[in-house]
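Our numbering numbers the first residue of the sequence shown as 54 and each following residue consecutively. All C-beta atoms, glycine included, are put in the ideal place defined by N, C-alpha and C. Notes follow once the structure below has been shown.
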Amino acid sequence: MVLTRQGVRFMGRMWPCTIGRGGVRTDKREGDGATPVGVHRIVGLLYRPDRMARPTDWAVPIRPGDLWSDDPAHEDYNLMVRVPYPHSHEALRRADPLYDLVLLTDWNWPYAERGRGSAIFLHRWRRPGFPTEGCIGFRPDLLRRIVGLIRYETRLIVPASLT
């Protein structure tokens, strides 16, 4: 998967997508809204079992109370955590469908450098052209197709030439 100015090139076709409101950056920081330059492995898949059938055998259900820590001061920074969690976090089980299906990348994971930015996901977009908080967003039907094509060796490449 290679991010280009036209979308993500993957499996011989171009997949329209949205990127972070902060653009593409080589110096990603927590809260900057940027999509980080680099070669990122796909390390997991989360899904909402109350909204869809398990999309692949390696998908992990998002349960009520699942969160993602985005608190650089906490030891669980850039890891999935559970309620109660009094530190800064993002809910994975949302009222909207944004995180119904989420591919996890290895950005700043599993050994997070504090403040370098948490969780770069591949998830559903809000609408065409509407930026993410740094993740890559896809049309829901295309995201489902991408999930079916992902292999162990699949990488997301975000080239520095896009900065």
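Worksheet entry | Cβ pair W64, L202 closer than 7 Å | Reading the sequence as shown, one finds Met at residue 64 and not Trp. Taking 7 Å as the Cβ cut-off, M64 and L202 qualify as a contacting pair.
Fill in: C-alpha distance - W111 paired with L98, whole-angstrom precision
7 Å
Discussion item. Would the segment 158-171 count as touching the segment 55-75 if we require 3 or more Cβ pairs under 8 Å?
Written reply: no
Discussion item. Does V136 pass the burial test, meaning 16 or more other C-beta atoms within 10 Å, or should it be called exposed?
Written reply: exposed
Item to complete: Return yes when at least one heavy atom of the ligand SAM lies under 6 Å from the C-beta of H140, else no.
Response: Within the structure as shown, the ligand SAM is missing, as the structure has no ligands at all.
Worksheet item: Where G190 and H127 are concerned, what is the direct C-alpha to C-alpha distance, given to the nearest angstrom?
Response: Rounded to whole angstroms, G190 and H127 show a C-alpha spacing of 27 Å.
Practice prompt. Please name the residue, chosen from D129, L145, Y138, that lies closest to I115 on a Cα-to-Cα basis.
Written response: L145
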